[in-house]
Amino acid sequence: MATQHAAEEKTELPLDDDFMTATVVKEPPHPNQAPTEQPNQPIVQQPDDNTRAVLDQRLEKTQANFGQKMKQLFSFKKKIDEELFEDLEATLLMADVGANATMEIMEQVRKSLKRRNLSDADAVLEALREQLTELARQVEAPLIIDTTKKPYVILVVGVNGVGKTTTIAKLARRYKAEGHNVMLAAGDTFRAAAVEQLKTWGEREDIAVMAQKTGTDSASVIFDAMTSAKARSMDVLIADTAGRLHTQSNLMQELAKITRVIKKNDETAPHETLIVIDGGTGQNAISQVRAFNEANKLTGLVITKLDGTPKGGVLFNLANEFGIPVRYIGVGERSSDLKPYRAEDFVSAILD
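Next up, the structure:
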C-alpha cells in the first residue's frame, strides 16, 4: 500500500508558462549577506484577479452535477411543494454536502421563505444561494503571514495521496512571490520520493530545502530546520509530514510529538497547522479532519483536486461540522491553480 501511495505523490507537477527560470540553490543566503528587504517592511499579499474566471472553468464538473441539476429542477417546478424540497435535499446530498449540513441548510431555506412570505420556486433557489453563501463565508479567512514571527512555521498534515507535498511546493512559490524568504522542511522521512520531490521543487524555485536521509526522525528534521531558519532570518518555514491514515493511532501520536518538539524551539509555533483534504473524498473527509484535529489542533484547510470531482459540496459539509477556516482550494495541477478561498466566488462557480 505504501508503494502505491508513493507512486501517487511522486509525479511532479508540470512547468506552466509563468514559472520563472530558477538557479539551483542548496542553502539559503548567509546571515551576513545584505537582506533584500527591511525586516519590518510590510509584505502585501498578491491578489488573484482571475480567481472567479478560473473557478468557473475548473469547477465545471461540480457545476454540472450541482448547479445544472438545480436549474433543471426549478425549470420544472414553478410552485413550492414538499416534493420540491425533497428533490432539493437529494441534490445536496448527492453533491456530498452531508446529512447534517443539508438539514441545516434546508431548515434555514424554509425559514427564509416563510419569513418573507415567498411561494414561488425561483425564491427557493435564491434562498438556497443565500444559505450556501452564508455557510461558505463562515470559513472564509485568508492565511496572513505574521512577519513578526521569524520563521512563521506552517505545519502541513494529511493522509497519503491528497497532494500534500505538491501543495507545500505551491504555497512556497506563492509566498516567495509575495516577497517572503521561504524554507521547506522535508519532514516526510518515510518516503524517499517525497523528499526528492520537495528538493526538486526547491531547486526549481530557488527555495532552500532542509532534508535528511530517509528514516530520520521527522520531528528532529523539522526542529533542525527551525534552528536554521532562525539563524538565517527566514520569514516562512513550511514543514512537510509523513502521510498517515487517520485510523493509525501510533502515527497520529507521532504527529502530536512533532508539535511538542516544535514548541521546544518556539513555544508559539506551529503558527499554522494546515490539513490537506482531497475534494473528492466525500464523507471520509469528516473523519480525517476530526482525527487530525484531535491529534494536532488544526487552524486551516486546503481542499485539493476540486477540478476532478463532481461532488465539491464537501466544503459545506466541513464548514458546518468544524468551522475551520478554508485557506486555499486546489483546482488544477499548475502552481497557479492553488487559489485563496473566496466564498462568493466558490458558490457562484458551482451554481451559475
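So the sequence shown is numbered by the UniProt record's numbering: it starts at 1 and just counts up by one.
Cβ atoms here follow ideal geometry from the backbone N, Cα and C, with glycine treated the same way.
Computed from a prediction, not measured in an experiment: that's the story for all the values here.
Look up residue i in the DSSP assignment and say whether it is helix, strand or coil.
i    : result
Y175 : helix
I303 : strand
A101 : helix
D56  : helix
K164 : helix
D120 : strand
K61  : helix
K71  : helix
K199 : helix
K79  : strand
F190 : coil
L251 : helix
I258 : helix
Who are residue i's beta bridge partners in DSSP?
i           : result
residue 360 : Because the chain here runs from 1 to 352, residue 360 falls outside it and cannot be looked at.
V236        : Y152, V182
L274        : V156, G300
E140        : V326
M210        : A185
Please report the distance separating the alpha-carbon of residue i from that of residue j.
i    : j    : result
F85  : L73  : 10 Å
V109 : A192 : 50 Å
D337 : T309 : 15 Å
D217 : R327 : 29 Å
G243 : F223 : 19 Å
H5   : V195 : For H5, the predicted model reports a pLDDT of 40, less than 50, meaning its position is unreliable; a value from the coordinates is still stated below. Computed Cα separation, rounded: 14 Å.
I275 : G179 : 24 Å
L255 : K213 : 19 Å
E60  : K71  : 14 Å
I258 : A211 : 16 Å
H30  : D235 : Residue confidence is low: H30 scores 43 on pLDDT, short of 50, so the model does not pin down where it sits. Its coordinate-derived value is still stated next. One C-alpha to the other measures close to 14 Å.
D56  : T273 : 29 Å
If I measure Cβ to Cβ from residue i and keep anything under 8 Å in the same chain, skipping five residues before and after, which residues do I get?
i           : result
residue 353 : Residue 353 is absent from the structure shown; the chain starts at 1 and stops at 352.
D240        : V156, K164, T165, I168, L184, A185, A186, G187, D188, A194, L198
L245        : V159, N160, L251
Considering only residues of the same chain and omitting the five flanking positions on each side of residue i, which have a CB-CB separation below 7 Å?
i    : result
A123 : L113
G332 : R58, D307
V209 : L184, A186, L198, K199, G202
Give every residue of the same chain whose Cβ lies closer than 6 Å to the Cβ of residue i, excluding the five residues on either side of it in the sequence, and list them in chain order.
i    : result
L92  : T102
P142 : P340
* Asked: Is the stretch 205 to 219 in contact with the stretch 174 to 189, if contact means three or more CB pairs nearer than 8 Å?
  -> yes
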